[in-house]
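Comments concern the structure below.
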Amino acid sequence: MKVRESGSLSLLPEMAEPSELEQLSSNARAKLQGRNLPKYVILHNSKFKASWDWFVLALVIYTAIEIPYTAAFGQLDKTKRISPLGQLKNGRYLAISNVVVDCLFIVDILINFRSTYTRKGTDELVVDPRMIACNYLKTWFVIDLLAAIPFEFFVSQGTEGTASLAGLLKSARLLRLVRVSRKLDRYSEYGLAVVVLLTCLFTLVAHWLACIWHFIGISQITLPHGWITVLSKQMNSSYDPSYSSLPDLTTRYISSLYFTLTSLTSIGFGNVSPNTNSEKIFAVVMMLVGALMYAAIFGNMTAIIQRLYTRTARYHRDMKVIKEFIRFHNIPENLQGTLTEYFTHEWSAQKDQQLNQVLQRFPESLQADICVQIHREVFSRCPVFENMSDSCLRALSVKFDIMNYLPSYFIIKEGDLAKYIYFFALGTVDVIKDGGSVSILGQGDSVGGDYMSIKTKGNLKADATLMARTFTEVHYVAWSDVFSVAEAFPEIEEAMCQYLYTLDIGRCNQKGGGLVGQGPWSALALGAPIGISLVNIADFKSTQSNSKEIQVEADVNKNSNRKSPRPANPTTCMNGSIGETPPQTLSDKHLAWTLNACQRIETLEKRLVNVESKIQDILDILIENRAENGRKKELRHKTTYL
């Protein structure tokens, strides 16, 4: 994609490759290309231009109401026949507002001459002022110019005919409503917005027809059966050709609007009715218009109601399929209730949003962006993903999925294949072993296994059962998907080998294994902490603490021959204790863990050596400074003595 500037094609900034730019939305592309805008050129989708367009839209709606009203009801107002300059001198607010609107429309023309646009059928952003001006002259310039010309300043206001002519010329401003309709097309997908827009349109049309109805009545006021004459008689106001005894302006406008609304809605009470031929012809036309608008509004209302009930219809359809499945396969009654209950809850939680179906509509690059956003909490809080590149996270996020579990629902049962890594984003989960709850996992905890063991031996069997205690949201990824992505991104294997899960689902039956409890999203070596054994675990809650501090505390308590007290911020147990079993050696761990631990120890030793050398350098500097200060002090004493 390229930007056209000064009649030539210029390449985009180097920071955006064409392949990357194609993945952006049209607004994002325009903003990126807009960095090359010439001076005084406005980006068409900038915040200023959007705000200005809405302001002009309000002005257009104002003129759509004011112009027909002034043309129909203003011809009896003698002050309307005063020149516009005279009205301004007399402080006529309507005249002042019209002048202000005319000036703003002229400003809008100048802004449109400097606003960029995109070519139809392409995403090419045109920023050359000459091309912008030519495009505007070919499209909306004539309409905008007619809307900005103050015709009342060029037409004499001395007679009724010239006043009507000025109002007719000003009606050219209503052509701007075409641009308004184009702007409002973007809201057609929202049901409630369509109803509001159609209601506003219906009211505006009724206002226009009321103005026309009043204009017909005034033009035939000399006839004895005109509707204004009849209205005057009903209100006990005798006919007077000088208009002095006619009903007041408010009464006439309300009566006109009342008649048009009753005709458009096909009600017609008859207290205001057409009598002359002109009034009857106009009433027929108004009834036809009303029928069309009535059908349009209620047709859209019917479509909106159908869309509202479409989701409910899909729910009943899918529920019927599940019930037929249960009946066909003779599912036991206890499992039937579980299936229907879970389907109902999943439907309510997901709002009928099928993630995979939605993602399939977008290109793969955009799918990755969406998946990273969906699983952002896991990626941001879990240390295992901290050192992974953006490309790695994008490739891995596509493999993730989300599942919701109701209370007492099993996530995995003891003896099942542990094929997934689980990250708990919401709720609490019971870890059940030998028929009893041994721990509780919560938000921020993770369940996995030894990376190298699963990679070499395949999926392991779960040594414990995971059951949801409350409503639980689980983000999970299959081991097979992790291994496939790790082939292209070796950093995954390195991170997974060093990551410490809250629960190693494949080692719950090993002494010192399984529950490692290093708090939400731990990032230590895989397996139980060295030198710590879990005894009498009755309850569990993962917290953010450091295993090294607990190990040091356990060693201190052991050396002092005192029973280890309950830590202030326990890592793995709330009502248990830390045993004093002999520490495990590195050979008891997995080979990959041993190598990684040795490498980390060597790295720490090197860092300690560097720190010691820096400390020694600081000490040398301090000693040297102290000696220098002593020499200076001695020199000052000698100088003072002399």
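Sequential numbering from 10 applies to the sequence shown in this note's numbering. Note that beta-carbon positions come from the ideal geometry of N, C-alpha and C, so glycine has one too.
- Within the DSSP bridge table, the entry for I441 names S446, T474 as partners.
- Within the model, the alpha-carbon separation for T319 versus T353 is close to 16 Å.
- A direct Cα-Cα distance of roughly 14 Å separates I463 from D472.
- The residues D117, in chain order, have a CB closer than 7 Å to that of V65 in the same chain once the five nearest residues on each side in sequence are set aside.
- For S455, the enclosing beta strand (DSSP E) stretches over residues 455 to 457.
- Pairwise C-beta distances place the stretch 438 to 449 in contact with the stretch 473 to 481, as three or more of them are shorter than 8 Å.
- Ranked by Cα distance from L375, the options W356, S406, P256, F388 are led by S406.
- Assigned with DSSP and collapsed to three states, M397 falls in coil, not helix or strand.
- If you check the CB distance, F388 and L368 do not come in under 7 Å.
- According to DSSP, residue pairing for L258 in a beta bridge does not occur.
- Rounded to the nearest angstrom, the gap between the Cα atoms of L613 and E395 is 20 Å.
- In the structure shown, A427 adopts coil according to DSSP, grouped into three states.
- When A477, S455, G235 are compared, the shortest CA-CA separation from V486 is found for S455.
- Between F409 and H484, the CB-CB gap stays under 7 Å.
- Selection E161, R261, L266, A202 evaluated against L213 yields L266 as nearest (Cα-Cα).
- The three-state secondary structure of I51, taken from DSSP, is strand.
- For N413, there is no enclosing alpha helix (DSSP H); the residue is found in the beta strand (DSSP E) stretching over 410 to 414.
- One thing to note: R182 has its Cβ no nearer than 7 Å to the Cβ of T79.
- Excluding five sequence positions before and after A495, the CB atoms of its chain that fall closer than 7 Å to its own CB belong to I501, E502, given in chain order.
- By the C-beta density criterion, S60 is exposed, having fewer than 16 other C-beta atoms within 10 angstroms.
- Look at I421 here: in three-state DSSP terms it is strand.
- Straight across, the Cα-Cα distance linking D399 with N54 is about 29 Å.
- I105 and E161 have their C-alpha atoms roughly 13 Å apart.
- For H325, the enclosing alpha helix (DSSP H) stretches over residues 286 to 338.
- G451 is not a Cβ neighbour of T465, given a cutoff of 7 Å.
- Remark: C-beta atoms of N468 and K422 do not approach each other more closely than 7 Å.
- By the Cβ-count criterion, D111 is buried, with 16 or more other Cβ atoms from all chains shown falling within 10 Å of its own Cβ.
- Between N413 and E355 a beta carbon distance of about 6 Å is seen, short of the 8 Å cut, so the two are scored as contacting.
- One Cα belongs to I430, the other to T321, and the distance between them is close to 34 Å.
- Annotation: T127 to K48 spans about 18 Å, alpha carbon to alpha carbon.
- Between A377 and F498 a beta carbon distance of about 13 Å is seen, past the 8 Å cut, so the two are scored as non-contacting.
- I630 and T648 have their C-alpha atoms some 27 Å from each other.
- The straight-line gap separating the alpha-carbon atoms of A156 and K56 is approximately 25 Å.
- A Cβ-Cβ contact shorter than 7 Å links D513 with G458.
- Restricting attention to H216, Q345, G226, I120, the CA atom closest to the CA of I70 is found in H216.
- Taking 7 Å as the cut-off, the Cβ atoms of T479 and P416 count as close.
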